[in-house]
Amino acid sequence: MSGPRLRRRREPRDAAATMSLVAHLTELRNRIAKALLFLLIATAFSFWWYEHGLGDFIRAPYCGLDEDLRYGGDDSGGCGLLITDVFGGVFIRLKVAFLAGTVLSAPFWLYQLWAFITPGLKRNEKRYGISFVAVSTLLFALGALLAYVSLSKGLELLLTLAGDGVVVALTAQDYIGFVLSLLVAFGVSFEVPLIAVALNLVGVLSHEVLARSRRWIFFLTIVFAAFVTPTQDPFTMLLMAGPMIVLFELAIQIARVVDKRRAKRAAVEHFHGLDDDEASPLDASASPLDAGASPLDAGPSSLDEPQDSTPASFRG
4 MSGPRLRRRR EPRDAAATMS LVAHLTELRN RIAKALLFLL IATAFSFWWY
54 EHGLGDFIRA PYCGLDEDLR YGGDDSGGCG LLITDVFGGV FIRLKVAFLA
104 GTVLSAPFWL YQLWAFITPG LKRNEKRYGI SFVAVSTLLF ALGALLAYVS
154 LSKGLELLLT LAGDGVVVAL TAQDYIGFVL SLLVAFGVSF EVPLIAVALN
204 LVGVLSHEVL ARSRRWIFFL TIVFAAFVTP TQDPFTMLLM AGPMIVLFEL
254 AIQIARVVDK RRAKRAAVEH FHGLDDDEAS PLDASASPLD AGASPLDAGP
304 SSLDEPQDST PASFRG
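The opening residue of the sequence shown carries number 4 in the working numbering; numbering runs sequentially from there.
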């Protein structure tokens, strides 16, 4: 007699996953408003920070060049950037403040984005929200830091190609635009391998596909670095492509571990997702015993012959 059947407790339904269209639009409006509020606060702080260290931090790679490669170096030992229009200084400061505010407020607006899409995800997919926000922010910061470290070498290589007898006088718009584009390019490029990991976690991209496409991924990474880097020099291109290849290889190994765990969990919980009144699927494929011919099918044996049950005294 079989024991009492245990009824699987169903998870409570997420109320946010059953909202109407108007409720979803209201939720989207609130999330966007919160994200913009965080961005505005961080931008205002960065606008004040520009005169208290941020501007000097951005100009440091240019001011660290040799005196004959920067404007104002021969006279007072300093460095200067030219502004050719009245509103140039305001626009530069706003551009730097906006970009710095976007980076500083990234954990907050990324969380708002994740909180909006979370109700449509499964329970195991929601667990990666905080990790996704933290790792994406860290990778962007590492990419921007690597770009900042390599900025002096890239500038020196590009400015020395002008040759002797040429006075280099960079405008503030050109230099700061170049620096910001380089920082953003490196930061975004370090996010690309994380996208591959995210697609694997939600079951869209498997480790088998990533491993089979490894050579193409590495080749396209080098091509991507050649087009994205603003300097277009081999030093900066390899400096971007090298860490990206390492991150992609790490993403492939993470996908391998995730797929193995997913396969083991699927083997254990094969019938756990069924309701109590739902029939379990049957495996109609042939088993190893049914696949080959049985020795009993070769021919009749002595045991298969009919036995005569007539007593010996009544025979013949």
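All C-beta atoms, glycine included, are put in the ideal place defined by N, C-alpha and C. All figures in this text were calculated on a predicted structure; none of them were measured in a lab.
In this structure, residue 85 places its C-beta atom within 7 Å of the C-beta atom of residue 172. The residues 251, in chain order, have a CB closer than 7 Å to that of residue 220 in the same chain once the five nearest residues on each side in sequence are set aside. Counting C-beta pairs closer than 8 Å gives three or more between the region 101–116 and the region 21–39, which meets the contact rule. Considered as a whole, the region 42–96 harbours 57–66 and 76–79 as its complete alpha helix (DSSP H) runs of no fewer than 4 residues, in chain order.
The residue among 60, 186 and 104 with its C-alpha nearest the C-alpha of residue 233 is 186.
Inclusion of residue 50 and residue 100 in the CB contact set at 7 Å is warranted, their separation being smaller than that value.
For residue 172, no alpha helix (DSSP H) segment is defined, and its DSSP state is neither H nor E. Counting other Cβ atoms within 10 Å of its Cβ, residue 230 stays below 16 and is therefore classed as exposed.
Rounded to whole angstroms, the Cβ separation of residue 201 and residue 135 is 6 Å, and the two are in contact under 8 Å.
Counting along the chain, residue 194 sits inside no alpha helix (DSSP H), nor does DSSP assign it H or E at all. Between the beta-carbon of residue 162 and that of residue 72 there is about 5 Å, and that keeps the pair under the 8 Å contact cut.
Per DSSP, the continuous alpha helix (DSSP H) segment holding residue 224 begins and ends at 217–231. Leaving aside the five residues that flank residue 145 on each side, the residues in its chain whose CB is nearer than 7 Å to its CB run, in chain order, 193. In the three-state reduction of the DSSP assignment, residue 209 falls in the coil class. Taking the Cβ atoms as the reference, residue 111 lies roughly 14 Å from residue 47, outside the contact range of under 8 Å. Assignment of residue 262 by DSSP, reduced to helix, strand and coil, places it in the helix class. With fewer than 16 other beta carbons inside 10 angstroms of its own, residue 90 counts as exposed.
For the options 105, 191 and 66, the alpha carbon positioned closest to that of residue 44 is the one of 105. Cβ contact annotation for residue 181 (same chain, cutoff 7 Å, sequence separation greater than five): 233, in chain order. Considering only 30, 189 and 262, the residue with the shortest C-alpha distance to residue 244 is 189. The C-beta of residue 23 has fewer than 16 other C-beta atoms within 10 Å across all chains shown, which makes the residue exposed.
Counting the other Cβ atoms within 10 Å of the Cβ of residue 55 gives fewer than 16, which makes it exposed. The Cβ-Cβ distance between residue 260 and residue 203 does not fall below 7 Å.
Restricting attention to 140, 65, 137 and 175, the CA atom closest to the CA of residue 97 is found in 175. Counting the other CB atoms within 10 Å of its CB gives residue 64 a total of 16 or more, which places it among the buried residues.
With fewer than 16 other Cβ atoms from the protein chains shown falling within 10 Å of its own Cβ, residue 67 counts as exposed.
Inclusion of residue 224 and residue 248 in the CB contact set at 7 Å is warranted, their separation being smaller than that value. Going by beta carbons, residue 266 and residue 210 fall outside the 7 Å limit. The alpha-carbon separation between residue 102 and residue 149 amounts to approximately 17 Å. Approximately 4 Å separates the beta-carbon atoms of residue 41 and residue 108; this is inside 8 Å, confirming the contact.
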